[in-house]
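Chemist:
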Amino acid sequence: HFLIPNSSAIDRSDTNAPTFSVRPVSRSAQPKLRDEHVARQEHGLDRLSNPVASNSHVPESPFTRVEKRPRKGRPEKNSNRRRTNANLTRPRHKTRDSSTHEDVLDKISAQPNAASARASTRKNGSHPPTTDSGLGLPDWMSLPDELWLCVIRLLPTVDRGRFAQVCRRLASLTLDRSLWHVIQLHRHQHLTDIALASIGRLRPRELRLTYCRGDTVGEKGLRLMFQGCGTGLRKLSFIGCTKGPFDQDLPLVLAAEYCPNLSHVNASYTQAVRDQTVIALAKSAFHLISVKLNGAQQISNVAIQQLVHYHKDTLQRLELFGCFRLNSDIFKLLGRCQELRALAFGHLHHLSSDGLLELVGKLPHLASLDLRGTQTLGNDTNLTCLADKCPHLEEVVLANMHSLKGEAGIAQMLRRLPRLRVLDLCGLSAVGDLTMEALAKSCPHLEELDVSCTSVTRTGLLHLAQVPAECLRCLRISHCREITKEVLEKLIKACPKLTLLYAYGFNSIKDWGFLQAIRPALLVENDA
61 HFLIPNSSAI
71 DRSDTNAPTF
81 SVRPVSRSAQ
91 PKLRDEHVAR
101 QEHGLDRLSN
111 PVASNSHVPE
121 SPFTRVEKRP
131 RKGRPEKNSN
141 RRRTNANLTR
151 PRHKTRDSST
161 HEDVLDKISA
171 QPNAASARAS
181 TRKNGSHPPT
191 TDSGLGLPDW
201 MSLPDELWLC
211 VIRLLPTVDR
221 GRFAQVCRRL
231 ASLTLDRSLW
241 HVIQLHRHQH
251 LTDIALASIG
261 RLRPRELRLT
271 YCRGDTVGEK
281 GLRLMFQGCG
291 TGLRKLSFIG
301 CTKGPFDQDL
311 PLVLAAEYCP
321 NLSHVNASYT
331 QAVRDQTVIA
341 LAKSAFHLIS
351 VKLNGAQQIS
361 NVAIQQLVHY
371 HKDTLQRLEL
381 FGCFRLNSDI
391 FKLLGRCQEL
401 RALAFGHLHH
411 LSSDGLLELV
421 GKLPHLASLD
431 LRGTQTLGND
441 TNLTCLADKC
451 PHLEEVVLAN
461 MHSLKGEAGI
471 AQMLRRLPRL
481 RVLDLCGLSA
491 VGDLTMEALA
501 KSCPHLEELD
511 VSCTSVTRTG
521 LLHLAQVPAE
531 CLRCLRISHC
541 REITKEVLEK
551 LIKACPKLTL
561 LYAYGFNSIK
571 DWGFLQAIRP
581 ALLVENDA
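Everything in the sequence shown is counted per the numbering used here, starting at 61 for the first residue and increasing by one.
#1: Take Val527 as the anchor and find which of Ile543, Asp510, Ser512, Met496 has the nearest alpha-carbon.
#2: My guess is that Gly292 and Arg265 are in contact by the Cβ rule of under 8 Å, so how many angstroms apart are they, rounded?
#3: Kindly give me the distance between the Cβ atoms of Val511 and Val491, rounded to whole angstroms, as I take these residues to be in contact under 8 Å.
#4: Should Phe574 be labelled buried (16 or more other beta-carbon atoms within 10 Å of its own) or exposed?
#5: Give me the DSSP bridge partner(s) of Gln244.
#6: With which residues is Ala404 paired in a DSSP beta bridge?
#7: Only counting the same chain, and skipping five residues up and downstream in sequence, which positions put a Cβ closer than 6 Å to that of Asp430?
#8: Counting contacts by CB-CB distance shorter than 9 Å, is Ser463 in contact with chain B?
#9: Decide if Gly565 is buried, meaning its Cβ has at least 16 other Cβ atoms within 10 Å, or exposed.
#10: Let's test the definition: count the other Cβ atoms within 10 Å of the Cβ of His232 and tell me whether it reaches 16, buried, or not, exposed.
#11: Quick check on this structure: which residue in Ser388, Ser344, Thr374 has the alpha carbon closest to the alpha carbon of Cys360?
#12: For the beta strand (DSSP E) holding Glu455, just list the boundary residues, first then last.
#13: Can you check whether the CB of Pro478 is closer than 9 Å to the CB of Cys503?
#14: To the nearest angstrom, how far is the alpha carbon of Arg182 from that of Gln287?
#15: In the DSSP assignment, the beta strand (DSSP E) including Asp571 goes from what residue to what residue?
#16: In this structure, how does DSSP classify Glu585 when only helix, strand and coil are distinguished?
#17: Taking the continuous beta strand (DSSP E) assigned at Lys295, which residues delimit it?
#18: What residues in its chain sit with their C-beta under 7 Å from that of Asp373, if we drop five residues either side in the sequence?
#19: Check whether the Cβ atoms of Gln376 and Gln358 sit closer than 9 Å, and answer yes or no.
#20: Could you check the C-alpha separation between Gly290 and Arg263 for me, to the nearest Å?
#21: Kindly provide the ranges of any alpha helix (DSSP H) runs that are 4 or more residues long and lie completely inside the segment 482-525, ordered along the chain.
#22: Give me the Cα-Cα distance between Arg432 and Leu408, rounded to the nearest whole angstrom.
#23: Going by C-alpha distance, which of Leu267, Asn586, Gln249, Glu467 is nearest Leu322?
#24: Can you list, in chain order, the residues of its chain whose CB lies under 7 Å from that of Ser556, leaving out five sequence neighbours each side?
#25: Please report the residue range of the alpha helix (DSSP H) in which Asn442 lies.
#26: Should Gln207 go down as buried or exposed, given a rule of 16 or more other Cβ atoms within 10 Å for buried?
#27: Taking buried to mean at least 16 other C-beta atoms within 10 Å of its own C-beta, is Ser55 buried or exposed?
#28: Kindly list the residues whose CB is nearer than 6 Å to the CB of Val351, restricted to its own chain and excluding five residues on each side of it in sequence; keep chain order.
#29: Excluding the 5 residues preceding and the 5 following His246 in the sequence, name in chain order all residues of the same chain whose CB lies nearer than 8 Å to its CB.
#30: What distance in whole Å lies between the Cβ atoms of Leu312 and Phe298, which are believed to be in contact at a cut-off of 8 Å?
#31: When burial is assigned at 16 or more other CB atoms within 10 Å of the CB, is Phe381 buried or exposed?
#32: Alpha carbon to alpha carbon, what distance is there between Leu215 and Ser193?
#33: For Leu488, tell me which candidate among Ala255, Ile537, Leu446 has the shortest Cα-Cα distance.
#34: Around the C-beta of Arg541, are 16 or more other C-beta atoms found within 10 angstroms, so that it is buried, or is it exposed?
#35: Count the other CB atoms, across all protein chains shown, that sit within 10 Å of the CB of Ala581; report buried if there are 16 or more and exposed otherwise.
#36: Starting from Arg536, trace the beta strand (DSSP E) in both directions and tell me its first and last residue.
Here it is as structure tokens:
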């Protein structure tokens, strides 16, 4: 379950909040806590009101369990009565992994002002003990807040909610605003409206929802989330989410309504994105810098026209991978976006080569071009012309462009791209050792290279090792034949920054430990 602490649960303005539990009253004088708690839960009052219970308990740490004993000088029955009454406020039959979002809100809302207690401690010059009482073990709670914030910042979003249940101090630290600038939820299947509303109250600057399910989410929860984020939200990623309202483009519609300061929008693989939704985003946002609509099969040139009309002076990245309804007319529209630095037209087979070459000639800052799976640039002349018009290209993706039949044109293009850092030639049978030689001699800044399923042999890798490719960090050579252990050893020794190697399909190599012996930090992805 997704657990988020409630930022309104702790009243930081009360500097005189009590830090000790109050003496319990008699059983006959106590209210019916269980009935009241159930009634308040049914009407949602536990989340709206925020009292600090005088006889509330602090949640026990899951790492320490100390036997409770009656206080000295008090009858045994009083301590039993106190435990009985305290248990009435807790929901029963809860396992360790069955805590819900409401549990976190209830536990944190019952805690006094830990922040003011810490401030009072610092003011008086007192410090907590450095060891646990009588055990001689280090007291982790004596660490300064700055170190705890560094630890909490490394936790995933969901674990931060669980972390807040340990004690009052950690609950207070978890509510620090700096921890919630970026909220990322990946593959969550039990999101609720309450959790989404809690996200909105944290007012993140960047929100990422990737491959989540919306079975238990309604329009109300989404509206509360974006309404809470408001003008503070700068970046939104809504990628591959399904079920419920996620099957529609409702999140993007609400983002356009409540978040005018959005500058980066990633709605990739959300097939329900429509023209009117993109137009609404274009009209409401003040300055869009990056727009990714990969897989949006319903949008047409009309949406791109409005996007260019409102943001031609600020748009720097546009990805339209798999938007099959687009045609070559968008090239004339995009030519007005002089600040464009990255374009992606993957799998748009009907785009013309002449229109593409004319477009890139109008974009002086273009540094990234993704044409994977397209049938444009089908001859050597077009590749050379592309390199001449875009000499500042740093990222080029030509994977699975089966129309490229000659290796000479590819090698000639690479000789004209001295700033190249990322190159993807996966699946091109025409790519061989001549291409690797051109890369080694003409692209000294190469960092990532993918030549999987190509005709590259041991000779091609030797070119990289002999130059050597000092900036190379990631290499993909899966299913390349005639590559031996000796060549791989030379390559690893010659490329000091190479730390990631993809080598699937090497059946002759059973143990890759010989590479880790050369560089322990090297990560090898393989079939073994």
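Cβ atoms here follow ideal geometry from the backbone N, Cα and C, with glycine treated the same way.
Since the model is a prediction, treat every value here as computed from it, not as a measurement.
Modeler: Let's see:
#1: Met496
#2: About 6 Å; that satisfies the 8 Å criterion.
#3: The Cβ separation is near 6 Å, so the contact holds.
#4: Burial call: exposed.
#5: Arg268
#6: Glu379, Asp430
#7: A distance below 6 Å between beta-carbons, with the five flanking residues on each side excluded, links Asp430 to the following residues of its chain, in chain order: Ala404, Gly406, Val457.
#8: Absent from the structure: chain B. Only one protein chain is present.
#9: exposed
#10: The question names His, yet the displayed sequence has Ser at residue 232. With 16 or more other Cβ atoms within 10 Å, it is buried.
#11: It is Ser, not Cys, that sits at residue 360 in the sequence shown. Per the Cα distances, Ser388.
#12: 455-457
#13: yes
#14: In this predicted model, Arg182 has a pLDDT of only 44, less than 50, meaning its place in the structure is not dependable enough to derive any value.
#15: The continuous stretches of beta strand (DSSP E) do not include Asp571, and DSSP gives it neither H nor E.
#16: Shown here, Glu585 sits in a strand according to DSSP, grouped into three states.
#17: 295-299
#18: Glu399
#19: no
#20: Cα-Cα distance, rounded: 8 Å.
#21: 493-502
#22: 9 Å
#23: When each option's Cα is compared against that of Leu322, the closest is Leu267.
#24: Note that residue 556 is Pro in the sequence shown, not Ser. Beyond the five residues adjoining it in sequence on each side, Pro556 comes within less than 7 Å, by CB distance, of Glu530 in the same chain, given in chain order.
#25: 440-449
#26: One detail in the question is off: residue 207 reads as Leu in this sequence, not Gln. Classification of Leu207: exposed, given that the 10 Å Cβ count is below 16.
#27: Since the first and last residues shown for the chain are 61 and 588, residue 55 lies out of range.
#28: Val325, Leu378
#29: Arg268, Thr270, Tyr271, Cys272
#30: 7 Å
#31: buried
#32: Bear in mind that a pLDDT of 48 at Ser193, under 50, signals an unreliable position, so the number given afterwards is only what the model happens to contain. Taking the straight line from one Cα to the other gives about 29 Å.
#33: The shortest Cα separation from Leu488 among Ala255, Ile537, Leu446 belongs to Ile537.
#34: The residue is exposed, with fewer than 16 neighbouring Cβ atoms inside 10 Å.
#35: exposed
#36: Segment 534-536, the beta strand (DSSP E) holding Arg536.
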